[in-house]
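Trainee:
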Amino acid sequence: MPVRPHVQPSEALDSYLVRLARTNGLTPRALSQEITARAGAPVINGRAVLAGYTPMSAIVTTIADMGGLASGHVIDMTLARYLHGDAPGPGTRLPWTPRHGTAICPQCVGTHGFWPITWRLPQLAVCIEHRLVLHTMCPRCGKPFRTRRTPPLPNSLLECDSPISGSGTFVETCGQRLDALMRIDANPAQADAAAILLAVTHDGHDMQVAGKASSAVDYLSDHYALVLLLTHLAASGNGEEYYWAKTIRDDALARNASKQQLSRSLPLDMVARAEILALATEMLTRTTVAEVAHHLRLFARIIPSAPAGPRAWLLGHTRRTPFMDELTRAVVAPERSFSYQLDHSPSTGGVGARHIPQAISAPVYEQYFADALGVTADTGRVFVSLCLARRTLASGTWVSAGELIGIPPRVARQTPMNVSPRLKVPITELVGRVIAVEPLFAQSPPDYRQREQLVLQLVELRELWFDPWRHQHRIPGAADNTFANTCEWLWSTYALGLPYSQRWAHGWNNERRYRYRQWCDRLPSRVSTATVLSRRRLATWGITPR
18 MPVRPHVQPS EALDSYLVRL ARTNGLTPRA LSQEITARAG APVINGRAVL
68 AGYTPMSAIV TTIADMGGLA SGHVIDMTLA RYLHGDAPGP GTRLPWTPRH
118 GTAICPQCVG THGFWPITWR LPQLAVCIEH RLVLHTMCPR CGKPFRTRRT
168 PPLPNSLLEC DSPISGSGTF VETCGQRLDA LMRIDANPAQ ADAAAILLAV
218 THDGHDMQVA GKASSAVDYL SDHYALVLLL THLAASGNGE EYYWAKTIRD
268 DALARNASKQ QLSRSLPLDM VARAEILALA TEMLTRTTVA EVAHHLRLFA
318 RIIPSAPAGP RAWLLGHTRR TPFMDELTRA VVAPERSFSY QLDHSPSTGG
368 VGARHIPQAI SAPVYEQYFA DALGVTADTG RVFVSLCLAR RTLASGTWVS
418 AGELIGIPPR VARQTPMNVS PRLKVPITEL VGRVIAVEPL FAQSPPDYRQ
468 REQLVLQLVE LRELWFDPWR HQHRIPGAAD NTFANTCEWL WSTYALGLPY
518 SQRWAHGWNN ERRYRYRQWC DRLPSRVSTA TVLSRRRLAT WGITPR
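Here our numbering runs 17 ahead of the position in the sequence shown, where the first position is 1.
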């Protein structure tokens, strides 16, 4: 070419070619046709070719000759400069596979008049110079910038070239002014993270991961793995205190519908992308793995359930690296488990096993625990009782806690397993709530073992009290069903026993339990357990508690 403009620092190849064409009085379409004719290969704007990560050698050589450049200089204007012959992915400086198109900084376009190749880096969501969040979607046509394959070069570096109608030389393009895009200011954390990621990716600077020296490639691999884990955690409902977590959840739902994996690309929303990149970058600056684990635990309040445990879920939703192996071990370390914290929290003292029911009362559960456990009230009430019983042991298990209050080993073992993956509050908060209710069972407490025995004694003495009581209070229902309902009512309301665990409730399916609850709702308001179990009533019927 007669006139060869100077290549701007970090300029992208398609940006340079547009300027080369305009400087020599050509249209970008005419220049791309000339390159195709000389190279014997078509010039196409794709994710991998032209300014992508695998530019065609014939095209590179032709452009170098026309611009008076070395072939290496041309490659430096493409994403291939970051790969050194490798395919993009973890283990390279492009751990996230680049998407088709480019991001745009409206301030840079208006000020500098060229596009840098760094805008195509997936892990860069902020312009370092102007501290603005980059744009990837045109607000006018709703399409990503620079995804048009042919013609391969835009007619202008200042306008969106996405086609609206027509084709070939008669195509009508969007024409949205790129320098008129909304300016979205990046916050300090987003801008600082972008500066770090740019230095590591573009310049290959070594960094530190949790206080240990790390090469650029290793740092980006760990950063990729951490971002991927945070994305999956946000998609599963974590990070509610972060305003951008809902955006990631919505993005994940959309990807599920289209079967796009979260590991293939970062969130499409650039603000959410900038936020999650900043969070991961900030975590990696911590000086120890334990500090990173603590920070991650604040985000991952609820780790979804997995048959092999919480660490298996974490490892299954990230990329394993030595750092991530160490981090996931720290996140689920024993001292962070619920049972460990429950056992090692200071004791309030004064609660005996006989004063702990098999299932705490419904009012206490509703006041302290209903919003914390994503299980049925019956399961939650039994779980809290097990927690209280376990707190009385110097060291023990859920089974030994169950033995203290008469809960079968199978139930004592399975109930915490059902509750653990369905916690709605942090572990420390739940432990605090258990400790907070302990005084309720230490201040003039009833003896629940004695209450259980009294109810079981009444069951054996049905002929002495049931029919007189039923007729006096006009209790609804057939005699046999009403007797079973009454036994369960006394057991669960007065003795606070394990629901549906005694012989009168054996074989009750969900429908039968539903009918029992309806029966309870229909009981006359004047009827309480005292109408059966007061000492005066028992004496009237000739029953002496054992």
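Note that beta-carbon positions come from the ideal geometry of N, C-alpha and C, so glycine has one too.
1. Should the region 421-432 be regarded as contacting the region 379-390, the criterion being three or more beta carbon pairs within less than 8 Å?
2. Give me, in chain order, the residues of the same chain whose beta-carbon lies closer than 6 Å to that of Thr264; leave out the 5 immediate sequence neighbours on both sides.
3. Nearest by alpha-carbon distance to Val188: which of Pro205, Pro107 and Arg46 is it?
4. Leaving out the 5 sequence neighbours to the left and right, which residues in its chain are closer than 8 Å to Ser282 when beta-carbon positions are compared?
5. Quick check on this structure: which residue in Cys122, Pro169, His129 and Thr128 has the alpha carbon closest to the alpha carbon of Arg148?
6. In chain order, what residues of the same chain have a beta carbon less than 6 Å from the beta carbon of Thr109, not counting five sequence neighbours either side?
7. Can the beta-carbon of Gln207 be found less than 8 Å from the beta-carbon of Ala297?
8. For Ala10, does the count of other Cβ atoms within 10 angstroms reach 16, so buried, or fall short, so exposed?
9. With Arg408 and Leu359 assumed to form a contact (beta carbons below 8 Å), what rounded beta-carbon distance in angstroms separates them?
10. Ordered along the chain, which non-local residues of its own chain (more than five positions away) have a Cβ less than 8 Å from that of Thr44?
11. When the Cα of Thr128 is compared with those of Val66, Pro180, Ala197 and Arg157, which residue comes out closest?
12. When you compare only the Cα positions, how much space is there between Ala295 and Val349?
13. Taking buried to mean at least 16 other C-beta atoms within 10 Å of its own C-beta, is Arg552 buried or exposed?
14. Residues bridged to Ile121 by DSSP?
15. In the structure shown, what three-state DSSP assignment does Gln140 receive?
16. Between the alpha carbons of Thr304 and Pro133, how many angstroms are there, rounded?
17. If I'm right that His372 touches Pro438 with Cβ under 8 Å, what's the distance once you round it to whole angstroms?
18. Would you be able to state if there are at least three C-beta pairs under 8 Å between the region 235-243 and the region 327-339?
19. With which residues is Glu189 paired in a DSSP beta bridge?
20. Just tell me which of Gln470, Ile422, Thr95 and Glu258 has its CA closest to the CA of Thr71.
21. Can you list, in chain order, the stretches of the alpha helix (DSSP H) that have 4 or more residues and sit fully within the region 414-500?
22. Just mark Tyr511 as buried or exposed, buried being the case when its beta carbon has 16 or more other beta carbons within 10 Å.
23. For the beta strand (DSSP E) that contains Gln225, what are its first and last residues?
24. What's the gap between the Cα of Arg539 and the Cα of Ala406?
25. Starting from the N-terminal side, write out each stretch of the alpha helix (DSSP H) that is 4 residues or longer and does not extend beyond the region 252-285.
26. What's the gap between the Cα of Lys441 and the Cα of Ala370?
27. Grab me the residues of Ile213's own chain with a C-beta within less than 6 Å of its C-beta, minus the 5 sequence neighbours each way, in chain order.
28. I'd like the span of the alpha helix (DSSP H) that includes Ser49, first residue to last.
29. Going by DSSP in three states, Glu146 sits in which element: helix, strand or coil?
30. Apart from the five residues on each side of it in sequence, which residues of its chain come closer than 8 Å, Cβ to Cβ, to Leu507?
31. Using 10 angstroms around the beta-carbon of Ile181, count the other beta-carbons present and answer buried if the total reaches 16, otherwise exposed.
32. How many Å lie between Val66 and Ser74 at the Cα?
33. So who's on the other strand from Ser231, going by DSSP bridges?
34. Could you check the C-alpha separation between Arg317 and Ala347 for me, to the nearest Å?
35. Can you grab the Cα-Cα spacing for the pair Ser231 / Leu111, in whole Å?
Mentor: The answer reads as follows:
1. no
2. Asp286 and Ala289
3. Closest in C-alpha terms to Val188, from the list Pro205, Pro107 and Arg46, comes Arg46.
4. Trp113, Thr114, Arg116 and Pro139
5. Cys122
6. Leu100 and Asp103
7. no
8. In the structure displayed, the chain extends from 18 to 563; residue 10 sits before or after that span and is not available.
9. 6 Å
10. Same-chain partners within the cutoff: Ala38 and Asn172.
11. Ala197
12. 24 Å
13. exposed
14. His152
15. coil
16. 34 Å
17. Not really, about 30 Å apart at Cβ, beyond 8 Å.
18. yes
19. Ser182
20. Thr95
21. Within the region 414-500, the complete alpha helix (DSSP H) runs of at least 4 residues fall at 415-422, 426-436, 444-454, 465-477 and 479-490.
22. buried
23. Met224 to Val226
24. 34 Å
25. 262-275
26. 28 Å
27. Thr298
28. Pro45 to Ala56
29. It is coil, neither helix nor strand.
30. Val472, Leu475, Thr546, Val549 and Leu550
31. So Ile181 counts as exposed.
32. 10 Å
33. The bridge partners DSSP lists for Ser231 are Met224.
34. In the sequence as displayed, the identity of residue 317 is Ala instead of Arg. Each residue's Cα considered, the two are about 13 Å apart.
35. 16 Å
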